[in-house]
Amino acid sequence: MNLKLYKQFCSAYQQCVQAALEDSHIMGNVRIVAKGLPTEGITMSFEQKGRYCPVIFMREAFLRAEMLNFWEEELADRAIEVFSAAQTENLQIAVNQLEQPENVGIYAANHRLDLDALKNNDMPYLVMGDVAFYYMFYAPLGDGRYYQTEVTNSHLKKWNMRKGELHNFVREHSLVSMESRIYPLHDKIANMIEGIPDILNDGEAEDTLGYVVTGPGGAATVLYWDVLGELRQLMSDSFYILPYTEREAYVLPDTMGALTPGFSIEEIHKNGNHQVRRSLSGYAVSSHGFHYSSSEHKLRTIHEWERTQVK
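Per our numbering, residue 0 is the first one in the sequence shown, and the count goes up by one each step.
What follows is the structure in structure tokens.
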């Protein structure tokens, strides 16, 4: 993704929404959710507290602008329609009941690129390799609607939890993990990853090539214990986890090297990152990737795991 172009779009879009709001009948203020992060969005804080308003995510608006040739003014008018409908509906939500640890999901960002945004938003995060994992509420309200906002350090104080405790709790108990999806990589891999297509001509079964993991938290979905448990059942051995974008991760068996002599996980990930950066929606959260050991039930960066293999 052209981050410079994206940031210019965000600034112009927010200005257009603010200007359109001044000409509307909506009683409230624009609020930016997770500002500067992959899950950045725009919503309304109505004058009457406890009223639901959906979040419009910046990445989705940017894609509409680039792919469908929408002007920022057009997208702003659509946003005002969404906010106006929310004001008319007047859906009351119990925020204190929704903002609980079991409704927290894990999300992935690039540590180097997004560290300032995490600090400016006063959000807790944990770093693993070059990925920063952060947290958002994702609570279902019915009819396909969700309450979504960032988890801040003030929430940790309220729950009397450290960030490591929250991280472990969410991995094991979060209801957000139920929204995860795992599907075969076979149909996608030839177009997305250079270096592996040679295997596709050897008659290998689809489920030996790996899987795509996605969910509300995108690539970070692989961290949930039940997702890792399902992957352990699907994969015959330990595996690599390559979080190409914030939206999804690719899971490859570490037996891939035996199938392809020229296989290099570093080159696979490097090629994938280059493809991501050339795409409109792509945002590479990691240039390294991870390895999960089924026997040890341990997740490491690939570099850390490789060091344990040196005799």
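Glycine included, C-beta positions come from ideal geometry on N, C-alpha and C.
Among the options, which has the Cα closest to the Cα of residue i?
i: Asn95; options: Arg170, Val284, Met177, Phe136; result: Phe136
i: Gly40; options: Val16, Arg50, Glu46; result: Val16
i: Phe56; options: Gly49, Ile105, Ser286, Arg30; result: Arg30
i: Trp100; options: Gly216, Leu174, Glu247, Leu230; result: The amino acid occupying residue 100 in the given sequence is Pro; Trp does not appear at that position. Out of Gly216, Leu174, Glu247, Leu230, Leu174 has the C-alpha closest to the C-alpha of Pro100.
i: Val103; options: Lys162, Gly209, Leu251; result: Lys162
i: Gln324; options: Pro53, Leu67, Thr148, Ser292; result: Residue coverage of the chain in this structure runs from 0 to 310, which leaves residue 324 outside it and unanswerable.
i: Asp253; options: Leu20, Ile181, His172, Ser293; result: Ser293
i: Asp236; options: Lys297, Phe45, Tyr182, Ile25; result: Lys297
i: Gly49; options: Gly27, Ser153, Phe69; result: Gly27
i: Val32; options: Lys6, Arg63, Ser44, Glu149; result: Glu149
i: Asp225; options: Ile240, Tyr239, His172; result: His172
i: Asn315; options: Gly228, Lys34, Ser83, Gly143; result: Given that the chain is displayed from residue 0 to residue 310, the structure contains no residue 315 and the question cannot be resolved.
i: Tyr134; options: Leu155, Glu72, Asp142; result: Leu155
i: Ala84; options: Leu2, Met43, Glu295; result: Met43
i: Met234; options: Gly141, Tyr243, Leu251, Pro242; result: Leu251
Residues in its own chain within less than 6 Å of residue i by CB, not counting five upstream and five downstream?
i: Leu4; result: none
i: His166; result: Leu125
i: Ser23; result: Ile79
Tell me which same chain residues have a C-beta within less than 7 Å of the C-beta of residue i, skipping the five on either side of it?
i: Asp129; result: Asn109, His110, Arg111, Ser285, Ser286, His287
i: Leu97; result: Phe136, Ala138, Tyr146
i: Ala60; result: Tyr12, Leu74
i: Glu178; result: Gly214, Pro215
i: His302; result: His287
i: Glu46; result: Met26, Gly27
i: Ala19; result: Ala75, Asp76, Ile79
i: Glu72; result: Cys15
i: Asn89; result: Arg50
Going by the CB atoms, is the gap between residue j and residue i shorter than 7 Å?
i: Tyr51; j: Ile92; result: yes
i: Ala116; j: Leu230; result: no
i: Leu346; j: Leu208; result: Since the first residue of the chain shown is 0 and the last is 310, residue 346 is not available in this structure.
i: Thr307; j: Phe289; result: no
i: Asn159; j: Asp121; result: no
i: Ala219; j: Tyr106; result: yes
i: Arg170; j: Gly217; result: no
i: Thr244; j: Tyr282; result: yes
Note the first and the last residue of the continuous beta strand (DSSP E) segment covering residue i.
i: Lys297; result: 297-300
i: Ser292; result: 289-292
i: Leu251; result: 247-252
i: Val29; result: 27-32
i: Tyr317; result: Past the edges of the chain, shown from 0 to 310, lies residue 317, and the structure says nothing about it.
What are the boundary residues of the alpha helix (DSSP H) that includes residue i?
i: Asn152; result: 152-158
i: Gln47; result: Premise fails: Gln47 is in no alpha helix (DSSP H) and is neither H nor E.
i: Arg180; result: Note, Arg180: premise wrong, no alpha helix (DSSP H); beta strand (DSSP E) at 180-183.
i: Tyr12; result: 2-21
i: Arg167; result: The sequence given here places Asn at residue 167; Arg does not occur at that position. That run of the alpha helix (DSSP H) goes 162-172.
i: Glu39; result: Element bounds for Glu39: n/a, residue is neither H nor E.
i: Ala64; result: 57-66
Only counting the same chain, and skipping five residues up and downstream in sequence, which positions put a Cβ closer than 8 Å to that of residue i?
i: Cys9; result: Glu39, Met57, Phe61
i: Tyr182; result: Tyr210, Val211
i: His131; result: In the sequence on display, residue 131 carries Ala and not His. The residues are Ala107, Ala108, Asn109, His110, Asp113, Leu114, Leu117, Tyr124, Leu125.
i: Arg63; result: Phe69, Leu74
Fully enclosed by the segment 70-137, which alpha helix (DSSP H) runs are 4 residues long or longer? 71-88, 94-97, 110-119
Unbroken stretches of the beta strand (DSSP E), 3 residues or longer, contained in the segment 204-245: 210-213, 238-244
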